[in-house]
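Under full-length UniProt numbering, think of the first position of the sequence shown as 1, with each following residue one higher.
Before any comments, here is the structure.
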Amino acid sequence: MLPLRNKHSPQVLRCDAAMRSQGRGRLPSIHGMQTRRSQQGESPPSWQMIGASKSANYNQQMQKQMGWSDPYQYYPDRGLYYHEVAPNLFCGSQPQSPDDIQRLRQNVGIGTVVNLQQDKDFAYWNVDHGAHQHRASEIGLNIIRCPAQDFDPDSLRAIIPSAVRSVQQALGRGEKVYVHCTAGLGRAPGVCIAHIFWFQEKTLDEAYNHLTSIRPCGPKRESIRGATFDVFNGASLHSPSVQKAPGWLLARALCFTAASWSPQHARAQAAALSHVAQQPVLL
């Protein structure tokens, strides 16, 4: 299903799959782009009101929940921190103010923002998402929300297909796309890796290594693998996400399920999938 327009804001879209699933060391700056508010003479942003302890608690929780041995950490005082991980595809940290939304539009040329945060993330970081929506509507920027639970690989797995489809639709319109969660270290790179894996015909390892060589981070690989399996899962076989997927991707998803199948059964499944997708699926 196409993302649905939020009736309260014509510029804000929401992934349907995300609506169903919502209830459930310091980063180096090489290769990255960063805005530092202190260099721009602005009034103190909301993170200064939050206090260093809140950031420290978040980083401790992130490292514990994600099982990271590397010190990937989030420093909100540094402002936007992002990388172009594929042509016109940017992965980064959360916009904290309407001015950040404007920077993405004016300085980077972003046309669509895919926001993976939940409402409770906005509350934790004192982010006024309504103000972001208003600024986006003023400057012609689309915001698509695909909320996923922070540090939850199953929640990330559930929203990856819809989020990737939103990314691909925006790229197909010739737009630059900014995908973000809170720190841009788990959920957002997971979605970007899945897009690279699915649409650039790389293996999962190649896509994972490609992104993490540009943006040091540690998204859950099993979430991406599981989402790829879900694209083919019988419960989703007739969904628009499957029907719009390229045939080679469907074949790849098929392979995740086919390890114990006979050649005859695999061919029969490929034929059935080809009929649903209305395109050839070759093994």
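Cβ atoms here follow ideal geometry from the backbone N, Cα and C, with glycine treated the same way.
Run the CB neighbour count on residue i, radius 10 Å, all protein chains shown included, and call it buried at 16 or more, exposed below.
i: A194; result: buried
i: P87; result: exposed
i: D150; result: buried
i: A123; result: exposed
i: G172; result: exposed
i: A227; result: buried
i: H106; result: Per the sequence shown, residue 106 should be read as Gln rather than His. Classification for Q106: exposed.
i: W125; result: buried
i: A131; result: exposed
i: V281; result: In this predicted model, V281 has a pLDDT of only 47, less than 50, meaning its place in the structure is not dependable enough to derive any value.
Does the distance from the CB of residue i to the CB of residue j come in under 8 Å?
i: F147; j: Q168; result: Residue 147 is actually Pro in this sequence, not Phe. It is not a contact, given that the beta carbons lie outside the stated cut-off.
i: A196; j: L141; result: The sequence shown places Ile at residue 196, not Ala. For I196 and L141, no; Cβs fall outside 8 Å.
i: S93; j: L104; result: no
i: L204; j: I224; result: yes
For residue i and residue j, I'd like the C-alpha separation in whole angstroms.
i: H129; j: A163; result: 19 Å
i: I110; j: F229; result: 31 Å
i: E42; j: K120; result: Note that E42 has pLDDT 46, beneath the 50 cutoff, so the model's placement of it is unreliable and the number below is only indicative. If you take the alpha carbons of E42 and K120, they lie about 26 Å apart.
i: R187; j: S213; result: 17 Å
i: N209; j: I139; result: 35 Å
i: R78; j: S155; result: 28 Å
i: F199; j: A170; result: 13 Å
i: L89; j: K202; result: 16 Å
i: A207; j: R135; result: 34 Å
i: S137; j: R145; result: 15 Å
i: P219; j: A183; result: 11 Å
i: G190; j: V231; result: 16 Å
i: K54; j: P95; result: 17 Å
i: R165; j: D99; result: 27 Å
i: V108; j: C91; result: 12 Å
Going by CA-CA distance only, name the one from the options that's closest to residue i.
i: V113; options: C192, Q149 and D77; result: C192
i: I143; options: Q133, W198 and D152; result: Q133
i: C217; options: C181, S137, V108 and Q200; result: C181
i: P153; options: E222, G79, R78 and Y81; result: E222
i: V127; options: C91, S137, S97 and D77; result: S97
i: L185; options: D205, T203 and R215; result: R215
Can at least three beta-carbon pairs, one atom from the region 79–86 and one from the region 156–169, be found at a separation below 8 Å?
No, the region 79–86 is not in contact with the region 156–169.
Taking contact to mean 3 or more Cβ pairs, one atom from each stretch, closer than 8 Å, check whether the region 168–178 and the region 72–79 are in contact.
Counting Cβ pairs under 8 Å, fewer than three are found: no touch.
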